[in-house]
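As given, the protein sequences belong to chains A and B, one line each in that order. Quick note: to get the numbering used here, add 7 to the position in the first sequence (first position is 1). Quick note: to get the numbering used here, add 886 to the position in the second sequence (first position is 1). By construction, the Cβ of each residue, glycine as well, lies at the ideal position given by its N, Cα and C atoms. Following: one structure in structure tokens, then a few remarks.
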Amino acid sequence: MRENFRLIENRELHETLYHYRVYPGLDLYVLPRQGYQKKYAVFSTCFGSVDNRFRVEPDPEITELPDGVAHFLEHKLFEDERGNVFDRFAALGASPNAFTSFTQTSYLFSCTANFEQNLEHLLNFVQEPYFTEKTVQKEQGIIGQEIKMYEDHPHWRGFFNLLAGLYQEHPVRNDIAGSLESISRITPELLYRCYNTFYHPSNMAVFVVGDLDPEQVGRQVEDNLSGRNYGAMGKIVRVFPDEPDQVKRQKTVQELVVSEPIMFLGFKDNRAADLEKKYLMRRELLMELLLDILFGSSEQLYNDLYRDNLIDENFGSEYTAETNYGYAMIGGETRDPDQLYTRIIDAVEALKKEGITDEQFERHRRKLLGGYIRRFNSLEFIANNYLAYRFRDNEMFDLPSILQDIKKEEAVAVAEENLDLSYHALSLVMPQQEE
Amino acid sequence: MLTNYTEQYLPNGIRLLFMPTDKFKTISMGLFLHQELNPDLAALNALLPAVMEQGSRQYPDKLTLQRKLESLYGADLNADILKSGERHVIAFGCESAHDKFLGENGALLKQGMSVLGSVTGDPLVDNGSFNKDYVNQEKIQLIKDIKAMLNDKATYAYERCIALMCAEEKFGTYKLGTIDDYANIDEEALYHYYKQVFSSNPIDLYVIGDLREQEVLEAAGEAFNFPRNVEQSRLSPTEINRPVQEVRYHEEALPVNQAKLVLGFRTYTAYGDALYCPLLVYSGILGAFPHSKLFMKVREEAGLAYYVHSRLERHKGLMIISAGINYEDYEKALEIIHRQLDDMAAGEISDTELGNTKQGLINRLRSQQDSPIQLISTHLDSSIGGKTYTAEELIAGIEAVGRPEIQAAAERIKLDTVYVLRPREGGSK
């Protein structure tokens, strides 16, 4: 396995990552962390809720999925012919979990004993699907409750209403779990078709972190995969609709049981989809810095808004750039959404006119760097984020050097193109009127 | 194998708990002031850290303070109020990246500590009062936070169950108090209260990082030099013996989609009790894990819930079961839950359930050693519970638990309150 091996060093963080390419195309990353009790492993596929139309070359036929299949599949992999997968992790003292995002599905465990067996178990259950009519039906009940839970969750609703307002066609506008109606159309056959496409090792990656010997982990993963007779896999072509630049609706309002209105303001990034993947991380850092300069607690605007009781400590902003969509989101709970909206828009316009100072740029750059180092305490943070970056061809360990490299002028230019009022939308969750 | 704290006292009586370790990328600090949970003091306790966090004499407003923290590579300063048993703990935390990754050579410990010391020991005061604007502003924010409990329905249902179940006890006090409590607090009264508690209540200071004891002691002594009374106030222990007369049922309706079921039990077994480890195992088998009875029966077999679990309030000796269900399934869910409790009481526990639960609990305890925040909060627990367990002691205690001890813990457990938040006719759509 030597020839398929490389080291990824990060001098700033004193970390060395081991990367193996395991036949037939699985990327394995091992990060040794001495002194940690916990060992953490995550096995991810580049298959999320937005991947709802695809074909596999050379076959021209496109498969279309009802919303929520990636998430449904995640639930169902936890069950096999012998019953519940949780039980076997439990018997080994491990804590398993899984999650589905817009772009990936991840299966994971953490443990402080029996690492090898737990890893074997993780590798096995993810590679051994078992879907029947009966088990699919039962899961519709459980996921139905999950969907209902989120229907009562005002911040979650506000977030998805924003995306549904920003996007006209792109599937990022749909809930990750789908709807009660869409999941009722999921069948075992459909799950198998998705499984056989997206769960091929060449579309997957494993990240392992803890007090471990990389060489030994490498051999174990290689042995596990070598006996499974994987065939060659055609290229997966993900088909996305043409997304117009214009937003779907400028304003979405939903009434729910909340104590105060919740407001999210979003800017659609129409450029992210055209960028080469390697620039996405740079763009994210520029935007993160910019949003922090605009809305962070060390700046005048935040302090004015707080003093005027228009925001609370949870007010915040974030930016996401993926290979075919991107958006910035700002907001929180507020007594007066109209006024908060105006103040935010004014600040964005003022920044574009007046620019930012060198001092601001350096101060916030410093803050981002420190924050990044702090997050490296968490094994979960490292593993989960490393793979999310990896699936869009970004190297997470490059972050400190990119951060050192970005220029103030770039940030201003990104603001100009990315915080464009022609492409913004508003989502409000308002307190339900008592009848 | 596991690192423990060294314990010392600063000249003014603050207890310093320091853990040297090079595992982490950070320097983590926490300062905790212990006070009794009491309906008359709750709002004062909640308001105090909120106001102090706005600014100190040296950094008189949030903007100045945040810029100082930014210069420390985005050190994070936070202030909060914690409720644990019948203790109310005023909490401050400060975490920064460690110097060694930034070539800063020791500055981050000293300056981080100095900011924390400034905010806690040298607040912004004019004329024997806190800043009036800050006090008014934070009153508004906290009243808003009290109302915002409604926004997360699971938390709301949990808090409602506790409030109803413990209405006659200190523990029934919400950690932010009530909206009415804030009407009578002004900047002068709050400052007076600050002077009182910061000089006479027990304070613990935690520091974790790749640091030398001497430099920590020096930096702490310099940063926390405000005068304190030699005589410290004694806090009364949490009352855990309230008898259950009969099970009380409460139902509330809101325009929501999902019903939330919450069952409150009294275990009569608190943190320092000999049956504490058996109780951990009991609740673990019943509902703390995905392999537990509740998850397997209510979710995996019957498909009635997405979440269903049991949790312990370890200092008050309560056990709370929570589930999100369809309201039509209420009777069915309740029946399945009761059957699991009956099985537990009858000792119907398989070797697998027992073994898996012990391993799961031990895994959690060991994992806590990898997070500075959890290292601090588990030790804080022992201070509150009046008994210090090391992780190794708890692990040994869990390993030693057998069926007879679980049975003994089970026999004490009594259902007190059943609360359900149900959808109002028509739901939210």
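Residue A/Leu-433 holds the alpha-carbon nearest to the alpha-carbon of A/Ala-335 among A/Glu-19, A/Lys-284, A/Leu-433. Contact between B/Tyr-1068 and B/Ile-1029 holds, with the beta-carbon distance rounding to 6 Å and staying under 8 Å. By the neighbour-count definition (other C-beta atoms within 10 Å, threshold 16), A/Asp-220 is an exposed residue.
Beta-bridge partners of B/Met-999 (DSSP): none assigned. Using a Cβ-Cβ cut-off of 8 Å, B/Val-1142 counts as an interface residue toward chain A, since at least one Cβ of chain A sits closer than that to its own. Its Cα nearest to that of B/Ile-1292, the residue B/Asp-1229 stands out among B/Asp-1229, B/Tyr-1275, B/Thr-1274, B/Ile-1270.
Residue pairing by DSSP places B/Ser-982 opposite B/Ile-913 in a beta bridge. Contact between B/Ala-928 and B/Leu-1062 holds, since their C-beta atoms are separated by about 7 Å, short of 8 Å.
Chain order gives the chain A residues near B/Gly-1246 as Ala-97, Gly-100, Ser-102, where near means a beta carbon separation below 8 Å.
Comparing C-alpha distances from B/Gly-1158 to each of B/Asp-1267, B/Gln-1255, B/Cys-1047 shows the shortest one belongs to B/Asp-1267. Using a 10 angstroms sphere on the CB of B/Ser-982, the tally of other CB atoms reaches 16 or more, which defines it as buried. Interface residue (Cβ-Cβ distance to chain A less than 8 Å): B/Thr-912 is classified as such. Runs of the beta strand (DSSP E) lying entirely within the segment 21–65 of chain A, each at least 3 residues long, are 22–29, 33–39, 46–52, 60–63 in chain order.
Per the coordinates, the alpha-carbon of B/Lys-1025 lies some 43 Å from the alpha-carbon of A/His-177. In the displayed model, B/Ile-1235 falls within coil according to three-state DSSP, outside both helix and strand.
Separation of B/Gly-1150 and B/Ile-1207 (C-alpha to C-alpha, rounded to the nearest whole angstrom) is 7 Å. Of all residues in the segment 943–959 of chain B, those with a C-beta nearer than 8 Å to a C-beta of chain A are Asp-947, Lys-948, Leu-949, Gln-952, Arg-953, Leu-955, Glu-956, Ser-957, Leu-958, Tyr-959, reading in chain order. Here B/Val-1093 is bridged, per DSSP, to B/Phe-904, B/Met-915.
Of all residues in the segment 1044–1059 of chain B, none comes within less than 8 Å of chain A when Cβ atoms are compared. Distance from the CA atom of A/Glu-329 to the CA atom of A/His-160, rounded to whole angstroms, is 25 Å.
What B/Ile-1026 touches in chain A, judged by beta-carbon distance under 8 Å, is Asn-316, going in chain order.
Taking a cut-off of 8 Å for Cβ pairs, the segment 993–1003 of chain B and the segment 905–925 of chain B touch, as three or more such pairs fall below it. Boundaries for B/Ala-1139: no alpha helix (DSSP H) harbours it, while the beta strand (DSSP E) harbouring it runs 1134–1140, taken from the DSSP string. Between B/Thr-1238 and chain A, the shortest Cβ-Cβ separation is below 8 Å. Rounded to the nearest whole angstrom, the CA to CA distance from B/Val-1021 to B/Arg-1046 is 28 Å. Put simply, the CB of A/Gly-273 is far from chain B, with every gap to its CB atoms at 8 Å or more. For the segment 233–304 of chain A, the full-length alpha helix (DSSP H) segments reaching 4 residues or more read 287–302 along the chain.
Counting C-beta atoms within 10 angstroms of its own C-beta, A/Asp-74 has 16 or more neighbours from the protein chains shown and is therefore classed as buried.
In the structure shown, A/Phe-404 adopts helical secondary structure according to DSSP, grouped into three states. By the neighbour-count criterion, in which a residue is buried when 16 or more other Cβ atoms sit within 10 angstroms of its Cβ, B/Pro-1290 is exposed. At a cut-off of 8 Å between C-beta atoms, A/Gln-124 does not count as an interface residue with respect to chain B. For A/Gly-378, the closest Cβ of chain B is nearer than 8 Å. Measuring C-alpha to C-alpha distances from A/Gln-44 to each of A/Pro-407, A/Asn-384, A/Val-436 identifies A/Asn-384 as the nearest. Residue pairing by DSSP leaves B/Leu-1076 without any beta bridge partner. B/Gln-1254 and B/His-1265 have their C-alpha atoms spaced approximately 11 Å apart. Here A/Asn-203 is exposed, its C-beta having fewer than 16 other C-beta atoms within 10 Å.
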